[in-house]
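Read the structure below first, then the notes.
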Amino acid sequence: MKVSKSKYERIDAVSKIIGLVLLAISIDNISKGNYYIALALFGLGGLISIIPVYIEVET
Numbered sequence: 046m047k048v049s050k051s052k053y054e055r056i057d058a059v060s061k062i063i064g065l066v067l068l069a070i071s072i073d074n075i076s077k078g079n080y081y082i083a084l085a086l087f088g089l090g091g092l093i094s095i096i097p098v099y100i101e102v103e104t
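Mapping to this note's numbering: the sequence shown position 1 is 46, numbers consecutive.
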């Protein structure tokens, strides 16, 4: 997928924010004892955070 530089920066920022939010929620679930939910959210946050790696920037 190719996008312009401004769209890439927006996608990159949004994916990092969502990844950090999911990380915070998973840490909260660990403290409550919901280990499987925390693991699932942690993995989902990791997958969302690496999406910009697979996006090409148009020049």
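C-beta: ideal position from N, C-alpha, C; glycine also.
A quick note: this is a predicted structure, and the numbers were derived from the prediction, not measured.
Is residue i buried or exposed, if buried means 16 or more other CB atoms sit within 10 Å of its CB?
| i | result |
| --- | --- |
| Ala58 | exposed |
From residue i to residue j, what does the alpha carbon distance come to, in whole angstroms?
| i | j | result |
| --- | --- | --- |
| Ile63 | Ala69 | 10 Å |
| Gly78 | Ile95 | 27 Å |
| Pro97 | Tyr53 | 7 Å |
| Tyr81 | Thr104 | 43 Å |
Quick check on residue i: does DSSP put it in helix, strand or coil?
| i | result |
| --- | --- |
| Glu101 | strand |
Give the C-beta separation of residue i and residue j to the nearest angstrom, bearing in mind that I take them to be a contact with Cβ-Cβ under 8 Å.
| i | j | result |
| --- | --- | --- |
| Ile100 | Val66 | Ile100 to Val66, Cβ: 20 Å. No contact. |
To which residues does DSSP link residue i through a beta bridge?
| i | result |
| --- | --- |
| Lys47 | Glu101 |
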